[in-house]
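A.B. asks: Last residue of the sequence shown: 554 in the UniProt record's numbering, with the numbers rising by one and none dropped. Beta carbons: idealized from backbone N, C-alpha and C, even for Gly. The structure that follows is given in the form of structure tokens.
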Amino acid sequence: MIQTGEYTCLEILLRTAEGKKGYVILRDTEGRECRYDAGQKYYRWLKLPVKRQSCYEIISREAVISLAYLSGCEKILEEGIRYIDPVDGGQCLSSREAAEYYDTPYREQYHFAPWKNWMNDPNGLCWYQGYYHMYYQYNPHGQEWNNMYWGHAVSPDLVHWTHLPIVLEPQKEVLEQADMVKGGAFSGSAIALENETVFYLTRHLGPVEDGEETVQQQWMTRSHDMLEFEPEKLVIEERPKGASFDFRDPKVVKIGHMWYLVLASTMNGQAAILLYKSRDMEHWSYVKPLLTEAEEGVRCFECPDFFPLDGSFAAWGALMCHRDASGRYQMSRYYIGEFKDEEFSVKSTGWYDFGSNCYAMQSFEHEGKRIAIGWISDFYGEHVEVENGAYGSTTIPRVLHVKKNKLYMSPVEEIYTLKGHNLYTGEKENINLEHIPGNSFYAGITFSENTDFNLLLGRDGEKEIRFIKEKGFTGIRTSGVKSECAVFPADVDTVTEMEIFVDRRVVEIYLNGGEAAGTKLFYNSAADGCFVLEAAKPWAVKQAEVSKMQSIWQ
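This is the structure we're talking about:
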């Protein structure tokens, strides 16, 4: 039975059983019923008015409820939505019950993840009127990619996230012909102004298999409260000559008095980031390719970004369908250089995450800091699907800098407020923590001199993940899992400092104050984690600590 509290809307995302005319009944405590048809067209998003401080029962017939929650609370940014377990008529989950829902071996405790089902690229990152906002690509109907919605979450500190209502859904023709076409609200970005936020996104419509019939166009919309969006306006309809049908993921930045927009595509067979400009944020003219990537085997760039940073300019993009010399799939490359007279001169380039499970990273600026968040992807097919599970999460937000023509990434300072009970503090010795309850912890180590080492970060039966430095190689190795065919070199000469965040199925590593960052999935079914360091020169361990990390869902 649903207890509405201060909420005034019940939102239900459902699928009609194949060949059936599904419907949902909402029944109050006095037996009054309202019936809502789901129809025969696959997917529907119902927004049903409910009374405050009232009780209701949800009854579904020939329809599958994928997701249900209460919204419409006056303090929605603080309180968030209230999720409902639709089994047995529905039950609102309290904050404590929600925290227990997240407390499984395959769910992160301090990385953002959706309540359930699929997420990918973070979108629309910005700070607006007291909150950090993160939208994201979302399939509320299952733990696999499908037609795209935009999910939404907010945070006061980039660490503790509150779930908010879904804001965008696929086009009508996509929802009604899901077996014949695919599409929806693909990735985009946001510019927060004083009293409104302007959003840009790609609308995709095309056959199930991408090809020349695929249509990708760039749209804009506005919002004053970040919850309700104005009607979308088409702003870039046609792709320039030579560009492929992969033509998406608008990211906007202001440089001087001009607005610039970058798009991911391919130009004359080479992966390209395309540059547009505008004076009013609505009328965009094509300039030229900002850059092209000569690397072979790349279908196109995805999720580009471009921004000034520390006296230089940085651009990046994810390389779709590319496999590098180490066997890593779909890595993402950054470029550092100068931008003058609308010409980007690249001075240096590198991978922005050596672990190969960080993709579609997007940045924004707030209070002089350039902050980025990436999607923790799974291109090696290692996801373990469990009932009510979630596929995908986001990295710890990172602060960006350019140093010595390299892109540095460090965790935001706020993440350290989650450090809890200390498990180990020591120096000049190896470390052997075989059983770390909860498998959610932080480790920081500094070295007084160069040394090889072998660090075990996860073990599940015969499966292992290690971070090693030996025989001239520094990086991640896995065994017993699908990604063991690749190695994950960190591209650093020495390791003087490392910070490691283990969070159930995620390992996130930062080296030498942000010189390199690596994100790797490792699904561990055990309740305990481990941290076992074997250094060739134990005395080189200048200082080491291991601490538990608190859950953000408590």
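(1) Within 10 Å of its beta-carbon, does residue 148 have 16 or more other beta-carbons around it, so buried, or fewer, so exposed?
(2) Taking the straight line between their C-alpha atoms, what separation do you get for residue 203 and residue 307?
(3) State buried or exposed for residue 51, treating a residue as buried only when at least 16 other CB atoms are found within 10 Å of its CB.
(4) Output needed for residue 338: all residues of its chain with C-beta closer than 6 Å, excluding positions within five of it in sequence on either side, in chain order.
(5) Using a Cβ-based criterion (distance less than 7 Å to any ligand heavy atom), does residue 478 qualify as near the ligand MG?
(6) Three Cβ pairs or more, each shorter than 8 Å: is that satisfied between the segment 345-357 and the segment 398-412?
(7) Starting from the N-terminal side, write out each stretch of the beta strand (DSSP E) that is 3 residues or longer and does not extend beyond the segment 302-341.
(8) Would you report the Cα separation of residue 292 and residue 316, rounded to the nearest angstrom?
(9) Using the Cα positions of residue 532 and residue 468, report the straight-line distance between them to the nearest angstrom.
(10) Hey, would you say residue 542 sits closer than 8 Å to residue 447, going by beta carbons?
(11) Is it the case that the Cβ atoms of residue 544 and residue 426 are separated by a distance below 8 Å?
(12) Got a sec? Which residues, its chain only, sit under 8 Å from residue 66 by beta carbon, not counting five neighbours each side?
(13) Can you name, in chain order, every residue of its own chain whose Cβ lies under 6 Å from the Cβ of residue 274, other than the five neighbours on each side?
(14) Our contact map puts residue 80 next to residue 4 with C-beta atoms below 8 Å; I'd like the distance itself, whole angstroms only.
(15) In the DSSP assignment, find the unbroken alpha helix (DSSP H) run with residue 200 in it and report its ends.
(16) Starting from residue 365, trace the alpha helix (DSSP H) both ways and give me its first and last residue.
(17) Report all residues from its chain with a CB closer than 6 Å to the CB of residue 169; omit the five preceding and five following residues, and keep chain order.
(18) List the endpoints of the continuous beta strand (DSSP E) containing residue 606.
(19) Name the residue from 134, 283, 151, 174 whose alpha carbon lies nearest to the alpha carbon of residue 364.
(20) Can you give me the C-alpha to C-alpha distance between residue 160 and residue 269, rounded to a whole angstrom?
(21) Within its chain, find whatever has a CB closer than 6 Å to the CB of residue 401; leave out the 5 residues flanking it on each side and keep chain order.
(22) On the three-pair Cβ rule with 8 Å, is the segment 449-466 touching the segment 505-524?
(23) Compare the C-alpha of residue 396 against each of 280, 76, 514, 299 and name the closest.
(24) Any idea which residues DSSP pairs residue 57 with across the strands?
(25) Nearest to residue 534 by CA position, among 437, 452, 372, is which residue?
(26) Looking at the structure shown, is residue 223 part of a helix, part of a strand, or coil, going by DSSP?
(27) With a 10 Å radius around its C-beta and 16 neighbouring C-beta atoms as the bar for buried, classify residue 193 as buried or exposed.
(28) Count the other CB atoms, across all protein chains shown, that sit within 10 Å of the CB of residue 548; report buried if there are 16 or more and exposed otherwise.
(29) Going by DSSP in three states, residue 14 sits in which element: helix, strand or coil?
(30) Using the Cα positions of residue 47 and residue 180, report the straight-line distance between them to the nearest angstrom.
C.D. replies: So, to answer that:
(1) Residue numbering aside, residue 148 sits at position 148 when the sequence shown is read from its first letter. Under this definition residue 148 is a buried residue.
(2) As a first step, residue 203 is located in the sequence shown; it is residue number 203 there, counting from the start. As a first step, residue 307 is located in the sequence shown; it is residue number 307 there, counting from the start. Spanning the two alpha carbons is a distance of roughly 24 Å.
(3) Locating residue 51 in the sequence shown gives position 51, where the first residue counts as 1. Classification of residue 51: exposed, given that the 10 Å Cβ count is below 16.
(4) On the sequence shown, residue 338 is found 338 positions in, with the first residue counted as 1. For residue 338, the CB contacts under 6 Å within the same chain, skipping 5 residues up- and downstream, are 345 in chain order.
(5) You won't find the ligand MG in this model; it holds no ligand whatsoever.
(6) yes
(7) 312-319, 332-340
(8) Counting from one through the sequence shown, the residue named residue 292 turns up at place 292. Counting from one through the sequence shown, the residue named residue 316 turns up at place 316. Distance between the alpha carbons of residue 292 and residue 316 is about 11 Å.
(9) As a first step, residue 532 is located in the sequence shown; it is residue number 532 there, counting from the start. As a first step, residue 468 is located in the sequence shown; it is residue number 468 there, counting from the start. Near 11 Å, if we compare the C-alpha coordinates of residue 468 and residue 532.
(10) For the purposes of this step, residue 542 is identified with residue 542 of the sequence shown, where counting begins at 1. For the purposes of this step, residue 447 is identified with residue 447 of the sequence shown, where counting begins at 1. Closer than 8 Å, so yes.
(11) Working through the sequence shown from its first residue, we reach residue 544 at position 544. Working through the sequence shown from its first residue, we reach residue 426 at position 426. Yes, the pair counts as a contact, with Cβ atoms nearer than the cut-off.
(12) Here residue 66 refers to the residue found at position 66 when the sequence shown is read from its first residue. Within the same chain, residue 66 has close Cβ partners 13, 14, 15, 117, 140, 141, 142.
(13) For this step, residue 274 is matched to residue 274 along the sequence shown. Around residue 274: 263, 265, 289.
(14) Within the sequence shown, residue 80 is the residue found at index 80, counting from 1. Within the sequence shown, residue 4 is the residue found at index 4, counting from 1. No, residue 80 and residue 4 are not in contact; Cβ-Cβ is about 15 Å, not under 8 Å.
(15) For the purposes of this step, residue 200 is identified with residue 200 of the sequence shown, where counting begins at 1. Element bounds for residue 200: not the alpha helix (DSSP H) but the beta strand (DSSP E), 197-207.
(16) Position 365 of the sequence shown, counted from the first residue, corresponds to residue 365. Secondary structure note for residue 365: it is in no alpha helix (DSSP H), and the uninterrupted beta strand (DSSP E) holding it is 358-366.
(17) Position 169 of the sequence shown, counting from 1, holds the residue named residue 169. Hits under 6 Å: 45, 149.
(18) In this structure the chain extends from 1 to 554, so residue 606 is not present and cannot be described.
(19) Along the sequence shown, one-based indexing puts residue 364 at 364. Checked all of 134, 283, 151, 174; the closest Cα to residue 364 is 134.
(20) Residue numbering aside, residue 160 sits at position 160 when the sequence shown is read from its first letter. Residue numbering aside, residue 269 sits at position 269 when the sequence shown is read from its first letter. If I take the Cα positions, the gap works out to 43 Å.
(21) One-based indexing of the sequence shown puts residue 401 at position 401. Counting only Cβ-Cβ distances below 6 Å, and skipping sequence neighbours, we find 310, 408.
(22) yes
(23) To locate residue 396, count along the sequence shown from 1; it is residue 396. When each option's Cα is compared against that of residue 396, the closest is 514.
(24) As a working note, residue 57 is residue 57 in the sequence shown. Answer by DSSP bridge pairing, in chain order: 27.
(25) Counting from one through the sequence shown, the residue named residue 534 turns up at place 534. When only C-alpha atoms are compared, the closest one is 452.
(26) By 1-based counting over the sequence shown, the position of residue 223 is 223. Strand, per DSSP.
(27) What you label residue 193 is simply residue 193 of the sequence shown in a count that begins at 1. Its Cβ having fewer than 16 others within 10 Å, residue 193 is exposed.
(28) Here residue 548 corresponds to residue number 548 of the sequence shown, with the count starting at 1. Per the 10 Å Cβ criterion, buried.
(29) The residue labelled residue 14 in the question sits at position 14 within the sequence shown. Reduced to three states, the DSSP call for residue 14 is strand.
(30) One-based indexing of the sequence shown puts residue 47 at position 47. One-based indexing of the sequence shown puts residue 180 at position 180. Their backbone Cα atoms lie some 26 Å apart in a straight line.
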